[in-house]
Amino acid sequence: SRAASVTRTDDGVEVVLADGRKVNGSHCLMAVGSIPNTEGLGLETAGVRVSESGHIAVDGVSRTSRAGIYAAGDCTGVLPLASVAAMQGRIAMNHALGDAVQPLKLRNVASNVFTAPEIATVGFTQQNYRENPTDIDTVMLPLDTNPRAKMLGIEDGFVKIFARRGSGSILGGVVVGPRASELILPITMAVENRLTVDQLSASFVVYPSVSGSLTEAARKLHRHL
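Residue numbers (full-length UniProt numbering): 1 to 225.
Here is the structure:
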């Protein structure tokens, strides 16, 4: 339900929802997104298709509806992440110069929520697993079983990997914990390069290290496949 109003109270805030329910808390975070600054650029006159929201329509290699004109970043409405914007720009530049490029694959994009602990994800999600439980297998390994995590006093968090049942191809993963944004990279590389859990588990890692939980999870997942 949408928020209808927010009122400051003696010890926090009270949010009244559109359906009449009330939610009390210490703070209220308003996240309204952003509006693309494309108005007044003459894009329509140039033959560039723009949506009602002001976003520029592009394809997988950042081409607009007008030949020779590319767009990248949040103005395209593809996925408002700095990493995606940078990749769109690189793809656009290389394509414009005549190089062979791979279209942007949103499923391979890693993202992170910078909370405490951090939440990093890439590829398949828990929802995909629920929809295809017979085709996908998963394993979750708590970080408190990791020797380095114990040394660092990390008590909360986990590593989760999703893989194709039978082939063992890594489809995605989730890391929850301190510096999860750093730990998600090996899983991202595995998804991008279609590595299997056996290939990931065979990789040498420094001991002790928190990243060791990734290879350990891959070994446990092999037993499930």
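Where a beta carbon is used, it is the ideal one built from N, C-alpha and C, also for glycine.
In this structure, what does DSSP give as the bridge partners for residue i?
i	result
residue 204	Paired residues: none, contrary to the question.
residue 173	122, 161
residue 112	120
residue 24	14
residue 70	63
residue 50	56
residue 145	Answer by DSSP bridge pairing: none, since residue 145 is not bridged.
residue 196	169
Out of the options, state which residue places its alpha-carbon closest to the alpha-carbon of residue i.
i	options	result
residue 159	8, 219, 108	219
residue 60	53, 71, 103	103
residue 185	116, 4, 164, 215	215
residue 40	54, 30, 27	54
residue 24	32, 5, 35, 37	5
residue 58	32, 33, 85, 34	85
residue 1	11, 152, 16, 213	16
residue 157	138, 141, 70, 177	177
residue 13	21, 22, 26	26
residue 133	115, 92, 162	162
residue 144	10, 126, 212	212
residue 179	90, 203, 126, 112	112
residue 122	43, 183, 64	183
residue 70	47, 187, 20	47
residue 118	196, 68, 181	181
residue 68	37, 127, 92	92
What residue range does the beta strand (DSSP E) around residue i cover?
i	result
residue 226	The requested residue 226 is not part of the displayed model; the chain covers only 1 to 225.
residue 5	3 to 8
residue 234	Outside the displayed range of the chain (1 to 225) lies residue 234, so it cannot be described from this structure.
Taking the continuous alpha helix (DSSP H) assigned at residue i, which residues delimit it?
i	result
residue 89	82 to 96
residue 211	Note, residue 211: premise wrong, no alpha helix (DSSP H); not H, not E.
residue 191	185 to 192
Which residues in the same chain as residue i place their Cβ atom closer than 6 Å to its Cβ, once the five residues preceding and following it in sequence are excluded?
i	result
residue 194	169
residue 88	62, 72
residue 7	14
residue 201	215, 218, 219
residue 43	50
So, for residue i: in the same chain, excluding its five sequence neighbours on each side, which residues have a beta-carbon less than 7 Å away from its beta-carbon?
i	result
residue 198	168, 222
residue 79	106, 109
residue 3	15, 17
residue 138	129, 160, 161, 162
Go through its chain and collect everything with a Cβ distance to residue i's Cβ below 8 Å, but skip five positions before and after it.
i	result
residue 135	164, 165
residue 34	74, 80
residue 154	143, 144, 146, 177, 178, 210
residue 191	107, 108, 122, 123, 170, 171, 172, 173
Taking contact to mean 3 or more Cβ pairs, one atom from each stretch, closer than 8 Å, check whether the region 144 to 153 and the region 204 to 215 are in contact.
yes
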